[in-house]
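Chains as they are written, first to last, in the numbering used here: chain G, 211 to 494; chain B, 4 to 263.
Even for Gly, the Cβ is constructed at its ideal location relative to N, Cα and C.
Below you'll find the structure, written out as structure tokens, and then a few comments.
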């Protein structure tokens, strides 16, 4: 704490945290709606989770236990440095255990273990606007959200099917929150989309460069968009099994082992995988 | 013809500061009727069309539209949401430049299907089938429905734009110079198509054009505009064969006649 004590608790000054909390309250009150906020410069580059970090900073209390994951892993650069950042500037306890954490900041994954009441999941969001690549004008997309004009979102899915015979959007798969706003769930694989539906934990989304915050309150219906004759499906791993823990129901990473075509599939959620390995050892 | 006009416009005026866009335009349009608005560049035709469509807020005057449900609405008094619903279900707009009216990065089928999806169609097969039907009706080979409009010729793009608008079976179409920029033979085919479609569908059309030939071929009635004002109005053949206003006489006389 000697070094960290030069900073205010959790790095940001109190006025900034207050501003962010106001945006968060509004975001929770209007599920899926993008609330603008005065994003600050953070001591890390845009794209490394400046939005998520600001949201985490605004909600952390000294009693919280923080877990940070990047692509499901606790030990990747992004996760390690953000965890160290808050350990230093806020002095909060950190953990890799999903169950033990009260705040989980994530990039690109939702933990495999179901989240519970009282937990908060903070997403790092690169592009908050789901309609961005269909309609580049922000003035127009805001109007479309206001009037719930979401036909265009289905045009994108239509194009997928017309070109490839199926919906090929596999990450940042658009969802409709509480039957109102269409939302970009951040670049999580669509494998994780069903976990957002009716989740017990509070889900907060922060986009630093784009200066937007949005949220899904606990137990809110979240529906992935689809067609009646082309229903939403998650990725299937065609019988692949995690090489480390043997799981068949998790999101798998493909790891290239050598330059002769050797490959290995492992769980992307490292903590979940470790737990299963330990449980298997105990049973043996 | 029903008792209430489909569209009744009264005293529609648009000023751009000191300049006049269009001034005190009043007319009524009945369902199934094709009205041509002619005049030279800068005469206020496009301003009028934008005011009717709702892109521009008129300085003064009202536009009343009698909806499919029989309710007469003051378009200026509607919320944006209500206006947009009418625009994408009961109205259509064919732009002069097809690139403005189409999504150039989306396939032809997607372009036609967009309106259906916007009004809640969620069955891919059904959307695709009706897109194919409409492409056939505007003489585009359905085999090309997965191509982007950027691969289409100017005439095809214009026909695609028409199909995209007609797919929700609107009652009123606005067309802003739909044939200009196309070569003459393509124009002729497009006009043929427009004429048969409007007849078959009982579509009311307001078509803005500077081409009197287009007006004569398509429209029942004609409105001649000059410097923002309507100076002459009447049955198309009557106005074009026997223009009463000097300006209209000039306009009619200035059409290049091809001998024959």
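Item, Value
"For residue 263(B), does the three-state DSSP call read helix, strand or coil?", "Reliability fails at residue 263(B), whose pLDDT of 48 lies under 50, so the model's placement of it is uncertain and the value that follows must be treated cautiously. If DSSP states are grouped into helix, strand and coil, residue 263(B) belongs with coil."
"Would residue 423(G) and residue 220(G) qualify as a contact pair, given that the criterion is a beta-carbon distance under 8 Å?", "no"
"How should residue 39(B) be labelled, buried or exposed, when 16 other C-beta atoms within 10 angstroms of its C-beta is the threshold for buried?", "buried"
"Using DSSP with H/G/I as helix, E/B as strand and the rest coil, what is residue 391(G)?", "strand"
"Report the residues of the stretch 339-352 of chain G with a CB closer than 7 Å to any CB of chain B, ordered along the chain.", "none"
"Residues of chain G with CB under 8 Å from residue 2(B), in chain order?", "In this structure chain B extends from 4 to 263, so residue 2(B) is not present and cannot be described."
"Taking the alpha carbon of residue 482(G) as the reference point, which residue from 415(G), 386(G) and 308(G) has its own alpha carbon closest?", "308(G)"
"Using CA coordinates, which residue listed in 232(B), 196(B), 236(B) and 151(B) is at the minimum distance from residue 221(B)?", "196(B)"
"Quick check: the stretch 156-166 of chain B against the stretch 98-108 of chain B, are at least 3 beta-carbon pairs closer than 8 Å?", "yes"
"In angstroms, rounded to a whole number, what distance separates the CA positions of residue 386(G) and residue 298(G)?", "38 Å"
"Is residue 241(B) buried or exposed, if buried means 16 or more other CB atoms sit within 10 Å of its CB?", "exposed"
"Any beta-carbon of chain G closer than 8 Å to the one on residue 130(B)?", "yes"
"Where does residue 253(B) sit, in a helix, a strand or coil, going by DSSP?", "helix"
"I'd like to know whether the C-beta atoms of residue 329(G) and residue 400(G) end up nearer to each other than 8 Å.", "no"
"Please say whether residue 476(G) and residue 453(G) have beta carbons closer to each other than 8 Å?", "yes"
"Straight-line CA distance for residue 169(B) to residue 375(G)?", "26 Å"
"Could you please give me the residues that DSSP links to residue 404(G) through a beta bridge?", "Residue 404(G) is not bridged to any residue."
"Report the option in 365(G), 379(G) and 432(G) whose CA atom is closest to the CA atom of residue 392(G).", "432(G)"
"Are the beta-carbon atoms of residue 148(B) and residue 112(B) separated by less than 8 Å?", "yes"
"CA-CA distance, residue 442(G) and residue 460(G)?", "18 Å"
"Residues of the stretch 158-170 of chain B in Cβ contact with chain G at a cutoff of 9 Å, in chain order, please.", "none"
"Is residue 371(G) close to chain B? Criterion is C-beta to C-beta, closer than 8 Å.", "yes"
"Please name the residue or residues paired with residue 18(B) in a DSSP beta bridge.", "23(B)"
"Taking the beta strand (DSSP E) that residue 196(B) belongs to, which residues open and close that run?", "Counting along the chain, residue 196(B) falls outside any beta strand (DSSP E), though it belongs to the alpha helix (DSSP H) covering 187-204."
"In the DSSP assignment, find the beta strand (DSSP E) that holds residue 244(G) and state where it starts and stops.", "Segment: none, residue 244(G) is in no beta strand (DSSP E) and carries neither H nor E."
"Is the Cβ-Cβ distance between residue 193(B) and residue 167(B) less than 8 Å?", "no"
"Which residues, in order along the stretch 373-402 of chain G, keep a beta-carbon less than 8 Å from a beta-carbon of chain B?", "373"
"Name the one or two DSSP bridge partners that residue 330(G) has.", "313(G) and 412(G)"
"Alpha carbon to alpha carbon, how far is residue 302(G) from residue 274(G)?", "6 Å"
"In angstroms, rounded to a whole number, what distance separates the CA positions of residue 37(B) and residue 236(B)?", "13 Å"
"Nearest-angstrom Cα distance between residue 267(G) and residue 463(G)?", "30 Å"
"Let me check understanding here. Comparing Cα to Cα, which of 418(G), 336(G) and 231(G) lies closest to residue 261(G)?", "418(G)"
"Name the chain G residues that come within less than 7 Å of residue 153(B), Cβ to Cβ?", "Correct list: empty, because the minimum Cβ distance to chain G is about 14 Å."
"Would you kindly report the start and end of the unbroken beta strand (DSSP E) that includes residue 258(B)?", "Counting along the chain, residue 258(B) falls outside any beta strand (DSSP E), and DSSP gives it neither H nor E."
"In chain G, which residues lie less than 8 Å from residue 87(B) when you measure between Cβ atoms?", "357 and 359"
"Is it the case that the Cβ atoms of residue 241(G) and residue 372(G) are separated by a distance below 8 Å?", "no"
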